[in-house]
Amino acid sequence: MTIQAVAVYIEPVPTERFKLSQYASCASFISAFARTVEFSMFPKGEGTLVHVSTIRRLGQIATAMTRGVVCMLIPRRPDVYWNGRPVDAELTVSILNRLSFAWAEPLLKYVSINRSLEFDNLPQLAHSKRAEYLLSRLTVARASRRKLSEALATIHIRSFIQQVVLTVVSSALSVGPQVALYEILRCLEVRGLDPSASWRSWQWVGILGASTTLLTALQSWVQWLNNAEVCIPMVGEILTAIYAKALRTKSIRHLPSDLGVGKRDKDADQKKSGDSPHSTINLAAVDSERIIDFAGYTYLVPSALLRLLFPTYS
């Protein structure tokens, strides 16, 4: 752990320091968990040696937890500006601020104080969320003549996997509050017969609070991941592709005065039959909303099934 702390301290590149701090944080929490398991399995007794060993283990657990939290407070990079305006700080702040959505707090404070929000008050989009990047990513994904669904699935496969993992974990934890409440009631029933029932009931109270808090946080992250990493980028990719296609159509590039009489008649016939480029683009825009809705609500299917299966077999 000392070597990790020194490596984090001497690393000059902010992004690399951020990565090292996350490794150190994970190692600290794993060490704290191992010490906690060791402490719970250690035989209880009396004597000076047992007392000293208990204090030493508790000190190791507290030190590891403190080190893990401090490593989570290291920011990823300094503030970034684009066209004189700050860029969205989601990828700038520390991992703790990112998990707690604290990076959006300045904007929320501004809205609560001024009771208004203008476009100039919003931060600039990150590079991975801008239209030109989204269009280029979709173009590269479709370079091998893939279908649109395959290209979108390939682009967002990482977000889909994260969504599935968080859905499985949150579905498993949804049983936790009910189990903890059941054990609390059992401890209360035997409180007069078992001297340790009171202590065990307080342990289950802590488990109840921790599981409820963690479940709420995971559900919030599933919703955020669904909106910020799947639906909104997919909207940008499809709409920018439609807009780029519209700019390449002849009816957009040429003025009506440049067209001949025969061409005007042909365009009039296309307009009557509903086969004009404008109608095709409008239909594509309507279909894109259906694609986005499907991608946004797909995770609810496994979530509902898992929430039924976990209580049944638990």
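Using the numbering used here, the first residue of the sequence shown is number 1347, and each one after it goes up by one.
Note that the Cβ used here is the ideal one computed from N, Cα and C, for glycine as well.
Using DSSP with H/G/I as helix, E/B as strand and the rest coil, what is Tyr1645? Position 299 of the sequence shown, counted from the start, is the residue given in the question as residue 1645. Reduced to three states, the DSSP call for Tyr1645 is coil.
Tell me, please, whether the stretch 1401 to 1415 touches the stretch 1469 to 1481 by the rule of three or more beta-carbon pairs shorter than 8 Å. no
Can you check the stretch 1539 to 1583 for any alpha helix (DSSP H) of at least 4 residues that lies completely inside it and give the ranges in chain order? 1543 to 1570
Would you kindly check if the distance between the Cβ of Ala1526 and the Cβ of Cys1533 is under 7 Å? Indexing the sequence shown from 1 puts residue 1533 at position 187. Indexing the sequence shown from 1 puts residue 1526 at position 180. Their beta carbons are not under 7 Å apart, which means Cys1533 does not touch Ala1526 by this criterion.
Which one of Gln1565, Leu1561, Leu1531 has the shortest CA to CA distance from Gln1549? For the purposes of this step, residue 1549 is taken as the residue at position 203 of the sequence shown. Measuring from the Cα of Gln1549, the nearest candidate turns out to be Leu1531.
What is the residue span of the alpha helix (DSSP H) that Gln1508 lies within? Position 162 of the sequence shown holds residue 1508. Note, Gln1508: alpha helix (DSSP H), 1503 to 1519.
Mapping the DSSP letters down to three states, classify Leu1605 as helix, strand or coil. Numbered from its first residue, the sequence shown carries residue 1605 at position 259. Confidence in Leu1605 is poor, its pLDDT being 48 and thus under 50, which makes the residue's placement unreliable; the coordinate value appears in the next sentence. Note: Leu1605 maps to coil in three-state DSSP.
Give me the DSSP bridge partner(s) of Trp1449. Looking up residue 1449 in the sequence shown gives position 103. For Trp1449, which the question treats as bridged, DSSP gives no partner whatsoever.
Buried or exposed by the 16-neighbour rule on C-beta atoms within 10 Å, applied to Met1387: Taking the sequence shown and counting its residues from 1, one reaches residue 1387 at position 41. Per the 10 Å Cβ criterion, exposed.
To the nearest angstrom, how far is the alpha carbon of Arg1363 from that of Ala1370? In the sequence shown, the residue the question calls residue 1363 occupies position 17. In the sequence shown, the residue the question calls residue 1370 occupies position 24. Going by the C-alpha atoms only, they are around 10 Å apart.
In angstroms with no decimal places, state the Cα-to-Cα distance between Lys1618 and Arg1636. The sequence position of residue 1618 within the sequence shown is 272, counting from 1. The sequence position of residue 1636 within the sequence shown is 290, counting from 1. Note that Lys1618 has pLDDT 49, beneath the 50 cutoff, so the model's placement of it is unreliable and no number is given.
From Ile1598 to Thr1361, what distance separates their C-alpha atoms? Within the sequence shown, numbered from 1, the residue matching residue 1598 stands at position 252. Within the sequence shown, numbered from 1, the residue matching residue 1361 stands at position 15. Since pLDDT at Ile1598 reaches only 49, below the 50 mark, its modelled position is unreliable, and the value read off the structure follows with that caveat. Their Cα atoms are separated by approximately 45 Å.
What's the call for Ala1641, buried or exposed, on a 16-neighbour Cβ count within 10 Å? Taking the sequence shown and counting its residues from 1, the one referred to as residue 1641 is at position 295. Ala1641 comes out buried.
Own chain residues within Cβ distance below 8 Å of Glu1357, not counting five before or after: Within the sequence shown, numbered from 1, the residue matching residue 1357 stands at position 11. Hits under 8 Å: Arg1363, Leu1366.
What does the alpha-carbon distance come out to for the pair Cys1577 and Ser1458? Taking the first residue of the sequence shown as 1, we reach residue 1577 at position 231. Taking the first residue of the sequence shown as 1, we reach residue 1458 at position 112. Taking the straight line from one Cα to the other gives about 27 Å.
Quick one: using the 10 Å Cβ neighbour count with 16 as the cut-off for buried, is Lys1612 buried or exposed? Translated into the one-based positions of the sequence shown, residue 1612 becomes position 266. Low per-residue confidence applies at Lys1612: pLDDT is 49, beneath 50, and the placement is therefore not dependable enough to give any value.
Backbone secondary structure at Arg1594 - three-state DSSP: If you number the sequence shown from 1, residue 1594 lands on position 248. Note: Arg1594 maps to helix in three-state DSSP.
Simplified DSSP state of Pro1335, which is helix, strand or coil: Missing from the structure shown is residue 1335; the chain here goes from 1347 to 1660 and no further.
Indicate the three-state DSSP secondary structure (helix, strand or coil) for Arg1461 in the structure shown. In the sequence shown, residue 1461 corresponds to position 115, counting from 1. Three-state result, Arg1461: coil.
Helix, strand or coil, according to DSSP, for Pro1432 in the structure here? For the purposes of this step, residue 1432 is identified with residue 86 of the sequence shown, where counting begins at 1. Three-state result, Pro1432: strand.
Is it true that the CB of Ala1408 sits closer than 7 Å to the CB of Ser1374? For the purposes of this step, residue 1374 is taken as residue 28 along the sequence shown, with counting starting at 1. For the purposes of this step, residue 1408 is taken as residue 62 along the sequence shown, with counting starting at 1. Contact: no.
Closest to Asp1633 by CA distance: which of Ala1499, Leu1585, Pro1648, Leu1593 is it? For the purposes of this step, residue 1633 is identified with residue 287 of the sequence shown, where counting begins at 1. Minimum Cα distance to Asp1633 is reached at Leu1585.
Should Tyr1645 go down as buried or exposed, given a rule of 16 or more other Cβ atoms within 10 Å for buried? Walking along the sequence shown from the start, residue 1645 turns up at place 299. Classification of Tyr1645: buried, given that the 10 Å Cβ count is 16 or more.
Using the C-alpha atoms, what's the distance from Glu1464 back to Leu1484? Against the sequence shown, residue 1484 aligns to sequence position 138. Against the sequence shown, residue 1464 aligns to sequence position 118. The straight-line gap from Cα to Cα measures roughly 30 Å.
Leaving out the 5 sequence neighbours to the left and right, which residues in its chain are closer than 8 Å to His1502 when beta-carbon positions are compared? Taking the first residue of the sequence shown as 1, we reach residue 1502 at position 156. Contacts found: Glu1575, Val1576, Pro1579, Met1580, Ala1641.
From the DSSP output, read off the bridge partner residues of Gln1470. Taking the sequence shown and counting its residues from 1, one reaches residue 1470 at position 124. In DSSP, Gln1470 forms a bridge with Val1433.
Residue range of the alpha helix (DSSP H) that Ser1482 falls in? As a working mapping, residue 1482 is identified with position 136 in the sequence shown. That run of the alpha helix (DSSP H) goes 1477 to 1487.
Once the 5 residues before and after Val1439 are set aside, which same chain residues still bring their CB inside 8 Å of it? Counting from 1 along the sequence shown, the entry for residue 1439 is found at position 93. Once the five neighbours on either side are set aside, the close Cβ partners of Val1439 are Pro1421, Arg1422, Ala1448, Trp1449.
Do Pro1469 and Pro1673 count as a contact pair if the criterion is CB distance below 7 Å? No information on residue 1673 is available, as it lies outside the stretch 1347 to 1660 that the chain covers here.
Go ahead and pull the three-state DSSP assignment for Leu1419. If you number the sequence shown from 1, residue 1419 lands on position 73. It is coil, neither helix nor strand.
Tell me whether Glu1583 is buried or exposed, calling it buried when 16 or more other Cβ atoms sit within 10 Å of its Cβ. Reading the sequence shown from its first residue, position 237 is the one you call residue 1583. Counting Cβ neighbours within 10 Å, Glu1583 comes out buried, since at least 16 surround it.
Return yes when the Cβ of Leu1519 is within less than 7 Å of the Cβ of Leu1571, no when it is not. As a position in the sequence shown, residue 1571 is number 225, starting the count at 1. As a position in the sequence shown, residue 1519 is number 173, starting the count at 1. Cβ atoms of Leu1571 and Leu1519: not closer than 7 Å.
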